[in-house]
């Protein structure tokens, strides 16, 4: 009986390339003096700089924990006086996630509540690519 074997080595190779690219960015982000955040292609936190953790109110062990920004780690609020919780569709449009979904540079203002204080952040996010496909996003924050 004839036997046909199909090997998808390209997928394995691209996954390895993605991992290598994210690992290089992880090292850079963890050592950065500026507040920055690295998400993988699934929107999970791959790395944060110490200043980003302080600014966003994130715990030390958040890097590589398998958690996403909008699964309860951050309390993002709207720009009203009431400081209401953002709707799901608004959460998906914050710059770090927008860069992943659009594959393009994303910029926007965020209001975040950290330890009973609400403040505004300017966020600029860029998609990271491995060849033709997206492997993550890198975001820099500035407190307004």
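Residue numbers (my numbering): 13 to 156.
Beta carbons are placed, not taken as given, at the ideal position from N, Cα and C, and that holds for glycine.
Is residue i helix, strand or coil by DSSP?
i           : result
residue 161 : Because residue 161 is not part of the residues shown, which for the chain are 13 to 156, the question remains open.
residue 93  : coil
residue 57  : strand
residue 118 : strand
residue 44  : coil
Are residue i and residue j closer than 8 Å when you measure CB to CB?
i           : j           : result
residue 46  : residue 63  : yes
residue 143 : residue 29  : yes
residue 89  : residue 65  : no
residue 140 : residue 55  : no
residue 155 : residue 136 : no
residue 67  : residue 85  : no
residue 57  : residue 81  : yes
residue 103 : residue 111 : no
residue 134 : residue 121 : yes
What are the boundary residues of the beta strand (DSSP E) that includes residue i?
i           : result
residue 155 : 145-155
residue 137 : 129-142
Taking the alpha helix (DSSP H) that residue i falls in, what are its first and last residues?
i           : result
residue 63  : 62-68
residue 100 : 100-103
residue 85  : No alpha helix (DSSP H) contains residue 85, which DSSP labels as neither H nor E.
If we count Cβ pairs, one from each stretch, closer than 8 Å, do we get three or more for the segment 45-54 versus the segment 135-152? yes
Three or more C-beta pairs below 8 Å linking the segment 115-135 and the segment 91-102: yes
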